[in-house]
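Protein chains in written order, with the numbering used here: chain E, 112 to 508; chain X, 112 to 508; chain F, 129 to 518; chain H, 129 to 518. For glycine and all other residues, C-beta sits at the position ideal for the given N, C-alpha and C. All of these numbers come straight from a predicted model, not from anything done at the bench. Report on the following structure.
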Amino acid sequence: MDELEQFRQETRAWLEANCPASMRVPMKTEDEVCWGGRHFEFSSDDQRLWLQRMGEKGWTVPDWPVQYGGGGLDRKRVKILHEEMRNLGCRSPLSSLGILLLAPAMLKYASEEQKLEHLPKIARGEIRWCQGYSEPGSGSDLASLSTSAVDMGDHYLVNGAKIWTSYGDKADWIFCLVRTDPDAPKHEGISFLLFDMESEGVSTAPIRLISGASPFCQTFFDNVKVPKANLVGELNKGWTIAKHLLQHERSSAASLGATAPGSRKQSLQEMAVDAIGMKDGKLDDPIFRQKLARFHVREQAFTLTMQRVGDEMKAGADPGPASSLLKYYGSETNKERRELMIAAGGLDALGWEGEEFEEGRLARSWLRSKANSIEGGTSEIQLNIIAKRVLGLPQAD
Amino acid sequence: MDELEQFRQETRAWLEANCPASMRVPMKTEDEVCWGGRHFEFSSDDQRLWLQRMGEKGWTVPDWPVQYGGGGLDRKRVKILHEEMRNLGCRSPLSSLGILLLAPAMLKYASEEQKLEHLPKIARGEIRWCQGYSEPGSGSDLASLSTSAVDMGDHYLVNGAKIWTSYGDKADWIFCLVRTDPDAPKHEGISFLLFDMESEGVSTAPIRLISGASPFCQTFFDNVKVPKANLVGELNKGWTIAKHLLQHERSSAASLGATAPGSRKQSLQEMAVDAIGMKDGKLDDPIFRQKLARFHVREQAFTLTMQRVGDEMKAGADPGPASSLLKYYGSETNKERRELMIAAGGLDALGWEGEEFEEGRLARSWLRSKANSIEGGTSEIQLNIIAKRVLGLPQAD
Amino acid sequence: MALVLNEEQHLLKSSAEAFFRERAPVTALRALRDTADPTGFSRDLWREMAAMGWAGTFLPEEYGGIGCGYTELGVVMQAAGRTLAASPLFATVALGASAVLLAGSAEQKERLLPAVAAGETLLTVALQEGPHHRPERVATSAVANGEGYMLSGAKTYVPDGHVADVIVVVARTAGAGDEESATSGEGAGDSAGTAGLSLFLVDREAAGVMIERRSMADSRNMAEVRLDGATGELLGTAGEAWPVIDTVIDRANAVLAAEMLGSAQAAFERTMEYLKTREQFGALIGTFQALQHRAAQMFCEIELSKSVVLKALEAIDADAPDAALCASLAKVQVSDMLRLVSDEAIQMHGGIGMTDEEDVGLYLKRARVAQQMLGDENCHLDRYARLRGY
Amino acid sequence: MALVLNEEQHLLKSSAEAFFRERAPVTALRALRDTADPTGFSRDLWREMAAMGWAGTFLPEEYGGIGCGYTELGVVMQAAGRTLAASPLFATVALGASAVLLAGSAEQKERLLPAVAAGETLLTVALQEGPHHRPERVATSAVANGEGYMLSGAKTYVPDGHVADVIVVVARTAGAGDEESATSGEGAGDSAGTAGLSLFLVDREAAGVMIERRSMADSRNMAEVRLDGATGELLGTAGEAWPVIDTVIDRANAVLAAEMLGSAQAAFERTMEYLKTREQFGALIGTFQALQHRAAQMFCEIELSKSVVLKALEAIDADAPDAALCASLAKVQVSDMLRLVSDEAIQMHGGIGMTDEEDVGLYLKRARVAQQMLGDENCHLDRYARLRGY
């Protein structure tokens, strides 16, 4: 038996022994997602236990180095771990913007000391992070940000406001773009700071969205003192880190458009069959049927393109240009999917409250999807990027 | 019996007596259109006679003043004449760019002498005109024209080249935009000249189009002497005339998109029924059927909008902003109509030569339609105009 | 007939726009929503509207109406659409009064219509039995019972059903409303299933009537109406109601299209305003040509929509033979247009458009609900094709 | 399987692109058109292509092929599409050789395929009987006659039919090809009508074969083939040819999609070049954001098309169960994309794009003909939906 096979067997045995039974069934609602953090209320003891056990083993982030709280596994072993988790139906022990967004940037740009301080707590789900990028008024022009951090000798004094801070009211720490040189060209006076959301002068206000949910906050900084040790990378070079991080965000947003493998929710096709009915083996509405087919063609073409881009990257290609295509197409595809769900469901899909409408699940998801082409770089920005960087079209003066 | 009724009876009697029987049947091909001009070869004696009789009566242009060769009729009598012609199936005695484009500008901007010289010949179909506007390289930026007319004391010396001159090789005279002040801002150094295409130094070369036809020419001017009396309007104020003329052109281009009343050609709907067949009272292809219905909705909505704009103008509204809308929508609608004809006809509609394909009638009309959104101001130009003049959107510096 | 408003209609337009702007701005809908108002509109406002004659625009003067037409009702609804104003105009007037006027006996008309015109009685029509508009798919049955009828079945998405005093119910006195014809895959109005339909007046207080309000994304009013042996009073001829139903739907659709057009105009104007004031990358976003062209395309679609709405209303008032065609034409064009405009309004507003605080989201929600009501664009494309003979 | 070309396929791509660029540029098609060339392609060129193994990419070595696959044929066709190069690759190889390889007896394969691979014998498949792709609507009949069959009927739009040495004819040995099933309103492949179909080899010189060339808008080769008691040699099992026909169409469609992709890429590149050099209003038109966004959208559609074409070809080579689904997927995506790209190429070129002198018009013409061949996007959307079970 080779080493990998042995690893697989050990992994399976460990998971069977350590993953509580209730953590092996699909989540019913988003409330069962484990986000970790200082004030997180676990939905069950099993949830807490599962995070704790995986965190101790470093398997919340199996590919990270051991000294940063990771599992230190190579790519093949990571794949085996994920396969075995999927086979047993294990839930993800931790969802975390720290893992998803901050850590890749930290691993590349932070000092060894910073990594040792912050990454293990992210890995174990002890500290929950939020992102302080957008500002009221900055919109797509992220680099126009005006939150200031003034050098006060032993600390920075931060003043300003951020918007679209995901779960800002629930996060423990924030990674934040601040302006440290107001006189430099706009991309050159920005720095990347980390600080505790419990610092004096930090306050948050949730933003209610058209879907009715409030996943985002406005976050205000009023003379917040941030130790100088919390600067990541060089002073005034924060834009480089920001760009790196945005590209990660864009790639993960793209996956919205692809077919989610093994998704437990009712698929659009099933929903259409239920709502419209079949006749002679065909959906009993030739127009909707063709719309659905065209959607599936586009969805499948997009999914194949994600795969092709991945395969090309493995073969050494540069992923740069592709991320805008995938972000653009992925968000437009997901919006179209939601529109078709509304069309298939008719007025049933436009109900808002009450059990008969599942509290407006379809309508709210539909409304939520409208943000796909705005957040993480609008569709217009992606098209600009493609025109300029990929097609090399000339730019107006 | 009131005067109008009497006019109607007299008109009918005159038409019955003077319109040859062969001029009362629909034209079979475009070759039967009467364009007039010095070198025009009439397709029949009847065609020549019909033009001559109508020209003598001034009824080729019934609403023009009598002194310019018109019929001097008021609006109600013009309408009666057209109704009676339609009732008897009389062909139009004369098709003429002179009537359609030049005359409205002449009536507004030319001197009395110029009107008396040129308009009667236009009315009687003695002189055929072409338009010298676009130049190679000028495209949508018409005012960037560089054909020069230099003041030589008693005449202008014209040098340069024009493109898209409709029937330039068949026309007798040209109305032409020329640059008379090369140092002025581009809209302010342009003048409006008339000259004989038989002048020394004028040559033409037909342009073959993707449809296979060659209705346009390139036209070259090599030291062409033009008498100063042939300047229409003020020197360097030709752009005003040009704009007036372009708006006329745009409005007539828009009508492409509307349902042609009483068109003798097979309609798209008839063609679709023939090519696709009916089943249970419906077109036997639910997808094409819906496409056709959506096209008809747009065509009908457009036709109603033409009517509404007309009614609003009668009620005193400014037609200005509407002409771009109508030009844009009309050309896009006609392109869509041709695409649907191709889709309905399948490969039969893509044949090119041979009787079985009517010598490619459908394919060539389809290809011809692609120019609708380019000529007379591209669709992009129309959208720019709407954004700027109608919506008042700010312009980039 | 000219496709322009006459002078009186222009005046009505101005006063209706001013009325809704001042008395029922978008904040009024927000207040109804956020307080979970049990009526879902303001009864006071409705009385004022009735006092201005708007509840009786197309009703003859003998029934307390002002003897104008649907064009005038459309003008008022278009103005209401601008501020998303909730009122009984659609359910009580466009649907209910149309049905009573078309099918009612002289006695029924005298009993109901003056009260409608006075703003005292609220009506609605209970048509649908599923989430999609399929007017011929009726399973609700009516059985003759001495002088009246006993109705049983479940009606859904009844506009204003939770407050209507009298509900006009479509029920089947004969014919097949069962699976057989219901799965024929045909759109609205296919002859199968339309024979045997009848209309009944049902009192909301009658025994066997159960009404439950439904909460919709657009915060407007819908209800489920279940009938369990409820007494119904026949309206029109038993078994032959289809032509009336078909005509009521056309009239209500033309009026709904006018409302949708008003909403689109308001959302569009709001968006143009945003393009003229919002800066990004050191420039007003309205200077970006890609946005300019999309804005110009929206403008064109709105202009076309104006024409088809006016045409549909005028065709109804002229009792023109192509009134049905024009109603479907209007619903298709306006639905397509509103989809574009409501989506673009959100996208062009960016993040701010996603917040509940900004109004464009309310326009988007209303857009999709209105689109589905009485048949979406696909449903009416099918009907339009049928009416054109292919 | 990875969705990337391997090293050999990359090399093939480079050499094929260079070959067509140098040996069959667009001017070659113009010359064929303007001289009304009776063959419609260059036989010399075809011999060279065959010498490079391209006539036998997917044929086993025992039949003179190079034992690669459809992916390689697709790579070559994509390169040919770039310059609109006319050659027997589609009719002889993608259609004809596919049919013979799938259905032929060992003797038939030995007789025909090595000659195909060597570039000596030209084949085609005569499928259609009307202007639309409806492969199950076959009225051409085949009647057993001693050892062979007598074929009668009319086939239309037979690619390269005017020069093919052997024509594979789809004819009916049983079943209904008459109006009854022909008006079923179903797309390609509906079971009604597919039973009883057979394939026959027909010699172009045989008695009762009348071939007439058809002149198409894209200047490519089509012919009408009329059979009047012509002798046919059975290919495969009588009455059971449908699965073979269906598979041949899938394979040819994947190859055709590759050609269409190549054409789109060339037209797109040409258009981008124009945007970078054409000035209007004192600026390069490529700086106009509205055009930039439309260009970027075309880019996205082309990228998606690359993925589906490669997937379809790989699925054929892997004999994957979803090969049929992938073929229809590719045809739909590529047809939609090419419609967009060919229209935009003309529009963005403005007046110059309307002239015969500029090449983009040739790409537009080829686009629509290719789209119609073997089923347009609507036909394949129907099939795609059916294959997904709805």
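Just to confirm the assignment, what range does the beta strand (DSSP E) spanning residue i have?
| i | result |
| --- | --- |
| E/T315 | V313 to I318 |
| H/F186 | Looking at the DSSP string, H/F186 is not in any beta strand (DSSP E), and its letter there is neither H nor E. |
Determine the extent of the alpha helix (DSSP H) in which residue i is found, giving its start and end residues.
| i | result |
| --- | --- |
| F/M426 | Q417 to D445 |
| E/K273 | Premise fails: E/K273 lies in the beta strand (DSSP E), H266 to S277, not in any alpha helix (DSSP H). |
| H/K237 | A234 to A245 |
| X/C287 | Unbroken run through X/C287 is the beta strand (DSSP E), W284 to R290; no alpha helix (DSSP H). |
| X/N495 | S490 to I496 |
Give the straight-line distance between the Cα atoms of residue i and residue j, rounded to the nearest whole angstrom.
| i | j | result |
| --- | --- | --- |
| H/T511 | H/R379 | At residue 511 of chain H the sequence reads Arg, which differs from the Thr that was named. Distance between the alpha carbons of H/R511 and H/R379: 15 Å. |
| F/D318 | E/V501 | Only weak support exists for where F/D318 lies, its pLDDT of 39 falling under 50; the coordinates are left without a value. |
| H/R171 | H/V221 | 15 Å |
| E/F286 | H/S142 | 48 Å |
| E/M138 | E/E195 | 18 Å |
| H/V330 | H/A299 | 11 Å |
| H/P287 | H/T155 | 21 Å |
| H/T415 | X/G441 | 27 Å |
| F/G489 | X/P293 | 54 Å |
| X/E223 | X/S277 | 27 Å |
Please state whether the Cβ-Cβ distance between residue i and residue j is less than 8 Å.
| i | j | result |
| --- | --- | --- |
| X/N347 | X/I274 | no |
| H/Q417 | F/A152 | no |
| X/F331 | X/A234 | no |
| E/E423 | H/V132 | yes |
| F/L250 | F/F328 | no |
| F/A219 | F/T185 | no |
Could you tell me whether any Cβ in chain E is nearer than 8 Å to the Cβ of residue i?
| i | result |
| --- | --- |
| F/A498 | no |
| X/R375 | In this predicted model, X/R375 has a pLDDT of only 47, less than 50, meaning its place in the structure is not dependable enough to derive any value. |
Against chain X, does residue i count as a neighbour if the rule is that its beta carbon must be under 8 Å from one of theirs?
| i | result |
| --- | --- |
| H/I295 | no |
| F/A130 | yes |
| E/I398 | yes |
| E/Q401 | yes |
Answer with yes or no whether the minimum CB distance from residue i to chain F is below 8 Å.
| i | result |
| --- | --- |
| E/A272 | no |
| X/R405 | yes |
| E/L458 | yes |
| E/W350 | no |
| H/D346 | no |
So is residue i in contact with chain H if we call contact Cβ pairs under 8 Å?
| i | result |
| --- | --- |
| X/G465 | yes |
| E/I497 | yes |
| X/S251 | yes |
> Using a beta-carbon distance cut-off of less than 9 Å, what residues from the stretch 414-435 of chain F approach chain H?
Replying inline: Those residues of the stretch 414-435 of chain F that come within reach of chain H (Cβ to Cβ, closer than 9 Å) are F416, Q417, A418, L419, Q420, H421 and R422.
> Closer than 7 Å, Cβ to any Cβ of chain F: which residues of the stretch 296-328 of chain E, in chain order?
Replying inline: Under the 7 Å Cβ criterion, the stretch 296-328 of chain E contributes I318, R319, L320 and I321.
> In the stretch 413-429 of chain E, which residues sit with their C-beta less than 7 Å from some C-beta in chain H, listed in chain order?
Replying inline: Residues passing the 7 Å Cβ filter: F413, L415, T416, Q418, R419, D422, E423 and A426.
>> Under 7 Å, CB to CB, which of the residues in the stretch 461-494 of chain F have a partner in chain X?
In response: Those residues of the stretch 461-494 of chain F that come within reach of chain X (Cβ to Cβ, closer than 7 Å) are Q461.
>> Closer than 7 Å between beta carbons: that is the criterion. Which residues of the stretch 390-411 of chain H meet it against chain E?
In response: Residues are counted here when their Cβ sits less than 7 Å from a Cβ of chain E; for the stretch 390-411 of chain H these are M400, L403, K404 and A411, given in chain order.
>> Tell me which residues of the stretch 257-272 of chain H have at least one Cβ-Cβ distance to chain X shorter than 9 Å, keeping chain order.
In response: If the cut-off is 9 Å between Cβ atoms, the stretch 257-272 of chain H has G258, P259, H260 and H261 near chain X.
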